[in-house]
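So the structure is just underneath, and the comments pick up after that.
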Amino acid sequence: MASREFLKILSSARMGDVSAQQKLASAYLSGEFKTPIQPTNALIWLEKSYFSITNQGLENINSAQ
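Quick note, the sequence shown lines up with residues 677 to 741 if you use my numbering.
Below is the structure:
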């Protein structure tokens, strides 16, 4: 069963928290929080964090105009 800390990170990641998305990817790569090592899931969360950062940058540009 997943640890409470992992579940908190997962919840934040699902809500769009980039830092949590990156921590989740790290957990899936290293097995932290008793998480099974799953490189595919790690890649998915890294991609989500990349797109979240990119979208935030675009929002900042659009709001400045």
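The C-beta atom is built at its ideal place from N, Cα and C for all residues, glycine as well.
None of these values were measured; they are calculated from a predicted model.
Query                                                                                                  : Result
Hey, could you find the ends of the alpha helix (DSSP H) K684 is sitting in?                           : R680 to R690
Rounded to a whole number of angstroms, what is the C-alpha to C-alpha distance between I713 and E735? : 34 Å
Identify which residue in I737, S739 and L686 has its Cα closest to the Cα of T711.                    : L686
Whose C-alpha, out of E681, R690 and R680, is nearest the C-alpha of S728?                             : R690
CA-CA distance, S695 and I720?                                                                         : 14 Å
For L722 versus A701, is the C-beta distance shorter than 8 Å?                                         : yes
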